[in-house]
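Numbering (UniProt numbering), first residue to last: 1 to 198.
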């Protein structure tokens with residue numbers, strides 16, 4: 001059976017926020033495929049030996065191969081080759097370049113007449129997303145708005161509790177997340193009116 005909607009998480013923000021709150025399992029509960037971009041995933045998990053976040057995100061994604069797809073981009077393949085040669089240098093904004101590559105060459109394959117896509121971003125990233133040419137049945141949502149939608153669907157008991165766990169983590173080793181679109185989040189429906197909600 002094909003899922004009605006595919007969840008595409010182009011940047012690291014929502015994954016970082018879910019990890020801070022201990023809510024990565026939400027991604028496996030949704031019953032929809034989740035797409036991550038190769039270079040962004042590589043940056044999220046680049047040092048599992050030294051960073052708990054990298055280790056836990058990598059382990060979670062690898063433990064759910066039926067849920068997650070790591071979408072290859074030309075940028076990600078180039079960066080992987082540089083890492084293999086030992087010549088890769090961090091701080092080159094390759095994650096952003098891979099996102100642009102995905103929007104240009106990869107997004108359309110996840111969108112069909114019978115399947116909408118939900119692009120999930122942190123709030124601050126919406127400004128740059130609005131300039132992309134997006135297919136008519138692609139929905140945009142910020143992390144905050146997405147959590148509110150999950151609460152409305154009964155998938156989570158309290159979006160506020162999860163958001164608070166993101167912004168005020170109980171674990172002092174986790175860095176608090178910041179959102180500029182509280183309390184409701186930012187949400188843009190698909191042009192044809194399709195919804196990511198069942």
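No residue lacks a Cβ here, since even glycine has one placed at the ideal position from N, Cα and C.
What number of angstroms, rounded off, separates the C-alpha of residue 25 from the C-alpha of residue 187?
-> 23 angstroms
Rounded straight-line distance, which links the Cα of residue 103 to that of residue 131 = In this prediction, residue 131 scores a pLDDT of 44, lower than 50, which makes its location untrustworthy; the coordinate-derived value is nonetheless stated afterwards. The alpha-carbon atoms of residue 131 and residue 103 are separated by roughly 11 angstroms.
Determine the extent of the beta strand (DSSP E) in which residue 142 is found, giving its start and end residues.
-> 138 to 142
Report yes or no: do three or more beta-carbon pairs, one from the stretch 66 to 82 and one from the stretch 27 to 42, lie closer than 8 angstroms?
-> yes
Going by other Cβ atoms of all chains shown within 10 Å of its Cβ, with 16 needed for buried, is residue 14 buried or exposed?
-> buried
CA-to-CA distance, residue 94 to residue 181, given in whole angstroms | 26 angstroms
Could you give the DSSP three-state label for residue 82: helix, strand or coil?
-> helix
Ranges of the beta strand (DSSP E) found wholly within the stretch 1 to 46, counting only runs of at least 3 | 5 to 9 and 34 to 37
Close beta carbons around residue 54, own chain, < 8 angstroms, minus the five adjacent residues each side = 44, 45, 46, 47 and 48
Where the alpha helix (DSSP H) containing residue 60 begins and where it ends = 52 to 63
Cβ-based burial, residue 162 [other Cβ within 10 Å; buried from 16] = buried
Counting only the same chain and skipping the five closest in sequence on each side, list residues whose C-beta sits under 7 angstroms from that of residue 108.
-> 135
Compare the Cα-Cα distances from residue 16 to each of 155, 190, 166 and 61 and report the closest residue.
-> 166
Decide if residue 105 is buried, meaning its Cβ has at least 16 other Cβ atoms within 10 Å, or exposed.
-> exposed
Mark residue 173 as exposed unless 16 or more other C-beta atoms lie within 10 angstroms of its C-beta, in which case mark it buried.
-> exposed
To the nearest angstrom, how far is it from the Cα of residue 169 to the Cα of residue 20?
-> 6 angstroms
So is residue 157 buried or exposed if we call it buried at 16+ other beta carbons inside 10 Å?
-> exposed
Confirm, please, whether the CB-CB distance from residue 10 to residue 57 is below 8 angstroms.
-> no
Below 6 angstroms CB to CB, which residues in the same chain sit around residue 146 once its five sequence neighbours on both sides are set aside?
-> 120
Which residue comes first and which comes last in the beta strand (DSSP E) that contains residue 49?
-> Looking at the DSSP string, residue 49 is not in any beta strand (DSSP E), and its letter there is neither H nor E.
Taking buried to mean at least 16 other C-beta atoms within 10 Å of its own C-beta, is residue 175 buried or exposed?
-> exposed
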